[in-house]
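See structure below.
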Amino acid sequence: MALLEARQLHRRFGRQIVLDGVSLSFEAGTLSGLIGPNGAGKTTCFNVLTGRYPPDRGRVIFDGVDITGESPGAIARRGIARSFQLMNLFDAMTVVDNVIVAMPPLRQRAFRPFGAVRKDSELHARAEQLLADVGLRGKERAPARDLAYGDRRRLEIAVALAAEPRLLFLDEPTAGMGAEGARQLAALIGRLRERVTIVIIEHDMPFLFALADRISVIQWGQVIAEGTPAELRADPWVARSNLGAIA
Amino acid sequence: MSRAPTVLPRTIRAAGYEGRPRPAVPFALMLIVLVTTPLWIKQVGLYQYIAVEIVIWALFALSYNLLLGQAGLPSFGHGAFFGVGAYAFGLVLKHIAPNLWLGLAAALVAAALAGGLVAAFISHRRGIYYALMTIAFGQVFWFIAIKWHSVTGGEDGLLGIPRPPLDLGVLEISLASNQALFYFAVALFAIVTLFLWQLQDAPFGRVMAAVKGNEERARYCGHAVWCIKFTSFVLSAGLAGLAGALFAMAQNSAYPNVMSLHNSGFVVMMVLIGGGLVSFWGPVIGAAFFILARDLLGATTEAWLLWYGLLFMAVVLFKPEGIVGAWRSLRDRMLRPVSGGG
Chain A
248 MALLEARQLH RRFGRQIVLD GVSLSFEAGT LSGLIGPNGA GKTTCFNVLT GRYPPDRGRV
308 IFDGVDITGE SPGAIARRGI ARSFQLMNLF DAMTVVDNVI VAMPPLRQRA FRPFGAVRKD
368 SELHARAEQL LADVGLRGKE RAPARDLAYG DRRRLEIAVA LAAEPRLLFL DEPTAGMGAE
428 GARQLAALIG RLRERVTIVI IEHDMPFLFA LADRISVIQW GQVIAEGTPA ELRADPWVAR
488 SNLGAIA
Chain B
98 MSRAPTVLPR TIRAAGYEGR PRPAVPFALM LIVLVTTPLW IKQVGLYQYI AVEIVIWALF
158 ALSYNLLLGQ AGLPSFGHGA FFGVGAYAFG LVLKHIAPNL WLGLAAALVA AALAGGLVAA
218 FISHRRGIYY ALMTIAFGQV FWFIAIKWHS VTGGEDGLLG IPRPPLDLGV LEISLASNQA
278 LFYFAVALFA IVTLFLWQLQ DAPFGRVMAA VKGNEERARY CGHAVWCIKF TSFVLSAGLA
338 GLAGALFAMA QNSAYPNVMS LHNSGFVVMM VLIGGGLVSF WGPVIGAAFF ILARDLLGAT
398 TEAWLLWYGL LFMAVVLFKP EGIVGAWRSL RDRMLRPVSG GG
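Chain order of the listed sequences is A and B. Number 494 marks the last residue of the first sequence (our numbering); no jumps. Number 439 marks the last residue of the second sequence (our numbering); no jumps.
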């Protein structure tokens, strides 16, 4: 059974149909990619799957439970985390505090008015380990707003991971990164796939084709092709739309 | 916002929780200044009652800044909760029992309930809509205080509210003198201050900071943002009600003016001028500054609020970090050549 399944999602904004019957399925332990031209509906798809807005029609099933229309908070507590295309951090906090505030042990006692979090060494040890995993060792005490672009991308992923998700959505993680940054990011994601199911929206085709187990092509709010990278390279649709050519 | 580049090193360090200065020094300094006032306040041309008012307003300003500074929620009708506390205290003492603890508890609970009522309607809002709704609700409470004669005494208010003695079980202390009331107010203020200080680093304080910093991200981290905003408001309103109860004791009365838009505005001005957005202690400094300015300027001119208002505008325009921010810039500028850093 798939970890997350989207069945016939429809969503329109005003008169514009953005999702027109999208069905997707992500198996546990896999890394999936979503590709397609700008405005095809990829980010809207993420937004519907993570609860920012409900679908007009269709269902979202996570681990056998219907989560359609649940709030972002409720969906996050079920174990779905995401990063944002336009980075979305707690800029006034330090790097390590960004991670700590997203960790389930803190969330579970969010309403406790007593107890110094800075003295919780277990929480800090876990946060620092996570930051080391994404390559931010040594920058724990820097304010998030002072980080360089690539490091903000890493922190964006670290904050999503801090929630200990079972399913992680990454929205254009390489956007604005140079070749070297993208290479490091690919290595990081390669390590992460061992512990979490990942879905990535990406425009960098070589990046995605090298990583993904399966890729879905979205255009005009519909899934027009699906398969392994090898299958997609051979697909006439993809060849015609010039997406696979780069890979 | 393009303020980031001008942020000073000290301010940046304050972004973290490790290495944050312990409250001991500012807290002890504040307590020493307060506790010794009876020794010197007459010599500098002031009087004991003004110190009572400063402590009460400092308590109100700190509880207000819990919402504005720590949770980032702009409430412009907070005088309502100060007033609900004052009325609840007066009503309990006059009609139920002349017991200090009962009165204070009633003020805290009544103001928290009133806060809960308001918060239930506004906690899904943000920014300007949130602020406007708090003003509207503040006016509703003020209107009720004026019109509900049989309970509130209308425009005259509740008069002759007694100052019950402080009953500590083993001994009973009269609070009839302003000096005794002052010490009681300082004790209450110290307890609330310590609670609010440690709250910043408690889980709830951390999550409040997350909601302030980025509500959407906090939601995607799985935090119950609505409940956090609701609880912050209730807590802040309850503590404002406690300050209101002390005010009713100080004035021996509760009247609609304490809930007016004026009073709500005063606390905002105290917090901003003091530097509540950058410092925990800003509201305390701002409250002292405001009350002293009121008395000293007010002694020379009827139009003291005009001058204070102009000062407020100048602070917002040129030094939004307030008195504490100005002090930090000054100190950093003076220290820099010596340390050779930065």
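No residue lacks a Cβ here, since even glycine has one placed at the ideal position from N, Cα and C.
- By the Cβ-count criterion, His320 (chain B) is buried, with 16 or more other Cβ atoms from all chains shown falling within 10 Å of its own Cβ.
- Val364 (chain A) has a beta carbon lying within less than 7 Å of a beta carbon in chain B.
- By the CB criterion at 7 Å, Leu343 (chain B) and Ile153 (chain B) fall inside the cutoff.
- As computed with DSSP, Glu269 (chain B) is found in a beta bridge with B:Asp264.
- Residue burial is scored here from C-beta neighbours: Gly423 (chain A) has fewer than 16 other C-beta atoms within 10 angstroms and is therefore classed as exposed.
- For Arg324 (chain A), the nearest CB of chain B lies under 7 Å from its own CB, placing it at the interface with that chain.
- Distances from the alpha-carbon of Ala385 (chain B) to those of B:Gln167, B:Pro195, B:Arg223, B:Leu159 put B:Leu159 closest.
- It is roughly 32 Å from the alpha-carbon of Leu408 (chain A) to the alpha-carbon of Ala216 (chain B).
- Boundaries of the beta strand (DSSP E) harbouring Val269 (chain A): 263 to 273, taken from the DSSP string.
- When the alpha-carbon of Glu369 (chain A) is set against those of A:Met350, A:Leu383, A:Arg384, the nearest one is in A:Met350.
- Taking each of A:Ile436, A:Ala410, A:Pro412 in turn and checking the Cα distance to Thr421 (chain A), the smallest one comes out for A:Ile436.
- Taking C-beta atoms as the reference points, Phe240 (chain B) and Gly174 (chain B) fail to come closer than 7 Å.
- Every alpha helix (DSSP H) stretch that sits fully inside the region 345 to 404 of chain A and reaches 4 residues is listed by chain position as 351 to 355, 368 to 380.
- Assigned with DSSP and collapsed to three states, Thr475 (chain A) falls in coil, not helix or strand.
- Around the beta carbon of Arg400 (chain A), a 10 Å sphere encloses 16 or more other beta carbons of the protein chains shown; the residue is thus reported as buried.
- Here Met248 (chain A) is exposed. Its C-beta has fewer than 16 other C-beta atoms within 10 Å.
- Counting of Cβ neighbours within 10 angstroms places Glu418 (chain B) among the buried residues, the total reaching 16 or more.
- Rounded to whole angstroms, the gap between the alpha carbons of Leu272 (chain B) and Arg260 (chain B) is 6 Å.
- Per DSSP, the unbroken alpha helix (DSSP H) holding His246 (chain B) starts and ends at 246 to 249.
- Taking each of A:Ala321, A:Val343, A:Ala481 in turn and checking the Cα distance to Arg299 (chain A), the smallest one comes out for A:Ala321.
- Its Cα nearest to that of Val248 (chain B), the residue B:Lys191 stands out among B:Lys191, B:His221, B:Ala202, B:Asn196.
- Bounds of any beta strand (DSSP E) do not take in Gly182 (chain B); it lies within the alpha helix (DSSP H) bounded by 176 to 188.
- DSSP, read as helix, strand or coil, puts Phe331 (chain A) in coil.
- When B:Ala411, B:Trp245, B:Met410, B:Phe279 are compared, the shortest CA-CA separation from Ile147 (chain B) is found for B:Phe279.
- In this structure, DSSP gives Leu250 (chain A) a state outside helix and strand, which the three-state scheme calls coil.
- Taking a C-beta distance under 7 Å as the contact criterion, Asp398 (chain A) and Gln332 (chain A) do not qualify as a contact pair.
- According to DSSP, residue pairing for Leu256 (chain A) in a beta bridge involves A:Val269.
- With the rule of 3 Cβ pairs closer than 8 Å, the region 182 to 196 of chain B does not count as touching the region 309 to 324 of chain B.
- Closest option to Ala211 (chain B), judged by alpha-carbon separation, among B:Val331, B:Arg425, B:Phe415: B:Val331.
- Gln140 (chain B) sits in coil when the DSSP states are folded into three classes, being neither helix nor strand.
- The residues Phe454, Ala457, Leu458, in chain order, have a CB closer than 7 Å to that of Ala433 (chain A) in the same chain once the five nearest residues on each side in sequence are set aside.
- As summarised for the region 374 to 438 of chain B, there are no continuous beta strand (DSSP E) elements at least 3 residues long confined to that stretch.
- Counting along the chain, Phe344 (chain B) sits inside the alpha helix (DSSP H) bounded by residues 322 to 348.
- Rounded to the nearest angstrom, the Cβ distance from Ala168 (chain B) to Val289 (chain B) is 17 Å, too far for a contact under 8 Å.
- By the neighbour-count criterion, in which a residue is buried when 16 or more other Cβ atoms sit within 10 angstroms of its Cβ, Phe178 (chain B) is buried.
- With a threshold of 7 Å between beta carbons, Arg359 (chain A) makes contact with chain B.
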